[in-house]
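Student: Next up is a structure, given as structure tokens.
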């Protein structure tokens with residue numbers, strides 16, 4: 652037996668809430684260590700069977716016993732699936748986590764028990780409903796469970812997305828007649844990161860896509876296609892997001908899990 656992985660698609664009507672769900676089941680008798688790529692999404696991770704351990708920043712190790720919220724996932728994170736451990740990951744899109752639970756600023760990428768975000772023990776109940784079910788059944792349970800908690804979308808940034816770093820902030824500031832600083836704070840409440848952080852990540856993501864497809868002859872091709880100043884900035888961003896150089900990523904990418 653081996654590590655079984657599955658990407659579960661989401662019905663079209665939930666496209667603005669979730670991107671997909673992800674399942675990983677360690678059916679071996681040994682622990683399996685993986686690296687989760689940054690996605691700038693907020694994740695809710697359910698644990699079944701054996702333990703799942705996260706190696707967070709500062710070399711802290713956190714064990715997921717039932718359910719944990721992680722994100723927005725701005726940097727890679729290492730995790731270990733013990734023998735027979737199974738994890739089921741819910742991937743929130745854009746401001747969807749805000750629509751469920753409110754401002755994301757306090758998370759700052761740290762794992763959080765979701766029970767602290769609500770007034771009842773609904774996630775303990777949800778974990779019980781998901782246990783001993785297959786991926787399709789878990790997806791149906793979660794989609795049905797979440798509907799009463801989802802707030803209406805009042806995101807003022809919708810329709811103002813742009814490739815220019817500050818344009819969403821400037822556009823909304825002008826529209827609402829408020830300072831850019833106030834709007835930037837509001838942006839982070841919705842998404843859990845700043846617009847500058849998002850643009851930097853999108854540049855890195857484009858580089859990852861090019862590297863994965865092999866559509867380049869030299870690192871200069873990647874630098875030019877993605878808008879890096881030079882090779883030094885390319886290397887710096889890779890180390891920032893995944894603690895690897897581009898060359899190291901090429902070598903180790905088979906051990907890296909990308910759930911976005």
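Residue numbers (my numbering): 652 to 911. No residue lacks a Cβ here, since even glycine has one placed at the ideal position from N, Cα and C.
(1) From the DSSP secondary-structure annotation, give me the bridge partner or partners of residue 654.
(2) For the beta strand (DSSP E) containing residue 685, name the first residue and the last one.
(3) Mapping DSSP to helix, strand and coil, what is residue 749?
(4) Where do the ends of the beta strand (DSSP E) carrying residue 698 lie?
(5) For the structure I just gave you, are there three or more beta carbon pairs, one from the region 668–684 and one from the region 730–748, closer than 8 Å?
(6) If you drop the 5 nearest sequence neighbours on each side, which residues of the same chain put their C-beta closer than 7 Å to that of residue 671?
(7) Taking the alpha-carbon positions, what's the residue 792 to residue 728 distance?
(8) Thinking C-beta only, is residue 699 closer than 7 Å to residue 821?
(9) Using the C-alpha atoms, what's the distance from residue 831 back to residue 869?
(10) Would you say the region 867–882 touches the region 823–838, given that touching needs at least three Cβ pairs under 8 Å?
(11) For residue 820 and chain C, any beta-carbon pair shorter than 7 Å?
(12) Please state whether DSSP places residue 883 in a helix, a strand or coil.
(13) If contact is defined by three or more beta carbon pairs under 8 Å, each pair taking one atom from either stretch, is the region 845–863 in contact with the region 679–686?
(14) Counting C-beta neighbours from all protein chains within 10 Å, is the total for residue 881 16 or more, i.e. buried, or is it exposed?
Tutor: In short, the structure shows the following:
(1) Residue numbering aside, residue 654 sits at position 3 when the chain shown is read from its first letter. In DSSP, residue 654 forms a bridge with 677.
(2) Here the question's residue 685 lines up with position 34 in the chain shown. Boundaries of the beta strand (DSSP E) harbouring residue 685: 683–687, taken from the DSSP string.
(3) In the chain shown, residue 749 corresponds to position 98, counting from 1. DSSP places residue 749 within a helical segment (H, G or I) once states are collapsed to three.
(4) Counting from 1 along the chain shown, the entry for residue 698 is found at position 47. 694–699 is the span of the beta strand (DSSP E), which, as asked, contains residue 698.
(5) Yes, they touch.
(6) Here residue 671 refers to the residue found at position 20 of the chain shown. Taken in chain order, the residues that qualify are 658, 659, 660, 661 and 742.
(7) What you label residue 792 is simply residue 141 of the chain shown in a count that begins at 1. What you label residue 728 is simply residue 77 of the chain shown in a count that begins at 1. In a straight line, the C-alpha of residue 792 is about 28 Å away from that of residue 728.
(8) Here residue 821 refers to the residue found at position 170 of the chain shown. Here residue 699 refers to the residue found at position 48 of the chain shown. No.
(9) Numbered from 1 along the chain shown, position 218 holds the residue referred to as residue 869. Numbered from 1 along the chain shown, position 180 holds the residue referred to as residue 831. Cα atoms of residue 869 and residue 831: separation of roughly 39 Å, rounded to the nearest angstrom.
(10) No: fewer than three Cβ pairs fall under 8 Å.
(11) Among the protein chains of the structure shown there is no chain C, as only one such chain exists.
(12) For the purposes of this step, residue 883 is identified with residue 232 of the chain shown, where counting begins at 1. Note: residue 883 maps to helix in three-state DSSP.
(13) Contact between the region 679–686 and the region 845–863 is absent: fewer than 3 CB-CB pairs across the two stretches fall below 8 Å.
(14) As a first step, residue 881 is located in the chain shown; it is residue number 230 there, counting from the start. It is exposed - the Cβ of residue 881 has fewer than 16 other Cβ atoms within 10 Å.
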